[in-house]
Amino acid sequence: MTADRPHAPESADRERREAGMKVRREVLGDAHVDRATAAATDFTAPFQDFITRYAWGEIWTSGVLDRRTRSCMVLTAMIAQGHWDELAMHVRAAKRNGLTDEEIREVFLQAAIYCGVPAANKAFGVARGVLAEEAD
86 MTADRPHAPE SADRERREAG MKVRREVLGD AHVDRATAAA TDFTAPFQDF
136 ITRYAWGEIW TSGVLDRRTR SCMVLTAMIA QGHWDELAMH VRAAKRNGLT
186 DEEIREVFLQ AAIYCGVPAA NKAFGVARGV LAEEAD
């Protein structure tokens with residue numbers, strides 16, 4: 086712990102980490118999370134811990150927005166930023182969170198207006214591949 090980055094008490098961190106790992110596994114799937122944690126090094130392990138505690142253990146567990154809404158938001162953010170590998174992962178997550186193919190398509194159409202047609206075009210290509218894999 087440093088003066089410029091205070092940490093929550095250890096028990097709160099542990100609770101956030103446990104809650105975050107539970108949600109992370111439910112949303113992304115055990116296989117993805119197992120690969121990510123197995124690939125962690127001494128250098129990247131603190132980042133894995135950070136995203137588990139804060140992204141998954143604090144934001145995704147807040148209860149203010151449901152997972153379907155969060156998935157719509159994440160899909161749009163990935164399109165806007167051009168994070169295509171992350172988009173593929175979050176298309177799978179959106180399906181786990183209950184979005185239909187039609188709802189994912191509608192998110193992409195909405196993104197075409199606000200993020201640009203070229204970005205949405207790429208997103209449709211990524212999703213087409215993911216949805217075809219998931220259908221097999």
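86 is the number of the first residue of the sequence shown in the numbering used here; add one for each residue after it.
All C-beta atoms in this analysis are idealised placements derived from N, C-alpha and C, irrespective of residue type, glycine included.
Predicted, not measured: the structure shown is a model, and the values here were computed from it.
Among the residues of its own chain, which have a CB less than 6 Å from the CB of residue i, if the five just before and after it don't count?
i, result
"residue 228", "No answer is possible for residue 228: it lies beyond the span of the chain, which begins at 86 and ends at 221."
"residue 123", "none"
"residue 204", "164"
"residue 206", "none"
"residue 169", "211"
Assuming the contact rule is C-beta atoms closer than 8 Å, residue i and residue j should be a hit. Round their C-beta distance to whole Å, please.
i, j, result
"residue 196", "residue 161", "5 Å"
Give a yes or no on whether 8 Å exceeds the smallest Cβ distance from residue i to chain C.
i, result
"residue 163", "This model lacks chain C altogether; it includes just one protein chain."
Counting C-beta neighbours from all protein chains within 10 Å, is the total for residue i 16 or more, i.e. buried, or is it exposed?
i, result
"residue 142", "buried"
"residue 130", "exposed"
"residue 198", "exposed"
"residue 149", "exposed"
"residue 220", "exposed"
"residue 177", "buried"
"residue 172", "buried"
"residue 217", "exposed"
"residue 86", "Model confidence at residue 86 stands at a pLDDT of 45, short of 50, so the residue's coordinates are unreliable; what they give is reported in the following sentence. Result: exposed."
"residue 125", "exposed"
Give me, in chain order, the residues of the same chain whose beta-carbon lies closer than 7 Å to that of residue i; leave out the 5 immediate sequence neighbours on both sides.
i, result
"residue 101", "138, 142, 143"
"residue 117", "174"
"residue 113", "174, 178"
Locate the alpha helix (DSSP H) running through residue i, then write down its first and last residues.
i, result
"residue 181", "169–181"
"residue 209", "202–220"
"residue 119", "115–123"
"residue 130", "130–135"
"residue 164", "152–166"
Only counting the same chain, and skipping five residues up and downstream in sequence, which positions put a Cβ closer than 8 Å to that of residue i?
i, result
"residue 97", "none"
"residue 200", "161, 164, 165"
inquiry  = Quick check: the stretch 146–156 against the stretch 172–187, are at least 3 beta-carbon pairs closer than 8 Å?
reply    = yes
inquiry  = Is it the case that the stretch 94–110 contacts the stretch 133–140, given that we only count it when at least three CB pairs across the two stretches are under 8 Å?
reply    = yes
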